[in-house]
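Numbering (our numbering), first residue to last: 3 to 186. Every residue gets a Cβ at the ideal spot worked out from N, C-alpha and C, and that includes glycine. Notes follow once the structure below has been shown.
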DNA sequence: GGCAAGATCTAA
DNA sequence: TAGATCTTGCCT
C-alpha cells in the first residue's frame with residue numbers, strides 16, 4: 003500500500019530527510035503511465051552556508067524555488083546535457099534541498115537510474131517539472147508502508163570539489179550493498 | 001548582450 | 001580522459 007508523503011515530512015532537518023528518503027518511492031505519471039523507482043541514494047544540500055549548494059549564491063531566478071516552501075521539486079540542467087532532480091526541504095526561506103542520485107527500478111522504468119542525469123532521463127523528468135508540487139497526483143514520493151529497515155552508508159558528495167571544506171562533509175547517503183548506487 | 005563554468009555521462 | 005551542449009549568473 004503506497005502512501006504519499008505529507009508536507010511535514012519535507013519540513014524537517016535536511017540531513018534527516020535525505021536519510022529518510024532512502025527506501026521511499028518516487029512516482030511520476032507521464033501520459034497515463036505510472037513510472038515508479040525506489041530511492042537508494044541521496045545527497046543533502048543544507049542551506050546558504052553550504053558552499054556546494056546552489057542556494058549559497060543567494061536568491062536568484064534559478065534558486066528561488068529552494069527558498070520556497072518544502073515538498074516542491076527543484077529541477078535544473080547540468081553541463082547542458084543532463085537534468086538533476088532535488089526535493090526542497092526545511093522551512094520556507096531556508097534554501098535547502100535533497101538531490102536524488104539513484105533509484106532502483108520498480109515499474110515502467112526501462113533505462114538505468116544510477117546517477118542524477120540518468121535518473122531524470124529514466125523518469126522523464128525535465129525542466130518543465132521544476133517547481134512542481136510533490137503533493138500533486140502526477141509527481142510525488144510515497145512510502146510503501148512496510149517500514150522495511152535499511153542500512154545507511156555515509157560518504158562525501160560527488161562533483162563538488164570546488165566547495166572547499168564542504169566537499170569533504172559526508173552528506174551523501176545510500177543503502178548499503180544496493181547494486182543501483184551510482185558510485186562507491 | 002557576451003562569457004565562463006557547472007551537484008554528469010559515455011565512449012575511447 | 002576528453003567532449004557534448006545549454007542554462008544561469010555575473011560582467012560589460
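- Using a Cβ distance threshold of 9 Å, residue 115 and residue 12 do not count as a contacting pair.
- Residue 26 and residue 145 do touch by the CB rule: their CB atoms are close to 6 Å apart, below 8 Å.
- Counting along the chain, residue 119 sits inside the alpha helix (DSSP H) bounded by residues 118 to 125.
- Annotation note: the segment 74 to 106 contains the following uninterrupted beta strand (DSSP E) runs of length 3 or greater, listed N- to C-terminal: 75 to 80, 84 to 91.
- Following the DSSP letters along the chain, one finds residue 67 in no beta strand (DSSP E), marked with neither H nor E.
- Beyond the five residues adjoining it in sequence on each side, residue 183 comes within less than 7 Å, by CB distance, of 42, 43, 104, 116, 176 in the same chain, given in chain order.
- Linking residue 124 to residue 75 through their CA atoms gives a straight-line distance of about 16 Å.
- About 7 Å separates the Cβ atoms of residue 100 and residue 45, confirming a contact at the 8 Å cut-off.
- Within the same chain, no residue comes within 7 Å of residue 34 by CB-CB distance, once the 5 residues on both sides are set aside.
- The residue among 148, 87, 118 with its C-alpha nearest the C-alpha of residue 3 is 148.
- Ranking 163, 22, 110, 77 by CA distance to the CA of residue 118 puts 77 first.
- Relative to the Cα of residue 142, the nearest Cα in the group 131, 152, 150 belongs to 131.
- In this structure, the CA atom of residue 110 is about 7 Å from the CA atom of residue 38.
- If you draw a straight line from the Cα of residue 126 to the Cα of residue 106, it is about 15 Å long.
- The C-beta separation of residue 96 from residue 122 comes to about 24 Å, leaving the pair out of contact by the 8 Å criterion.
- According to the DSSP assignment, residue 46 belongs to the beta strand (DSSP E) that extends over 35 to 47.
- Following the DSSP letters along the chain, one finds residue 18 inside the alpha helix (DSSP H) bounded by residues 16 to 22.
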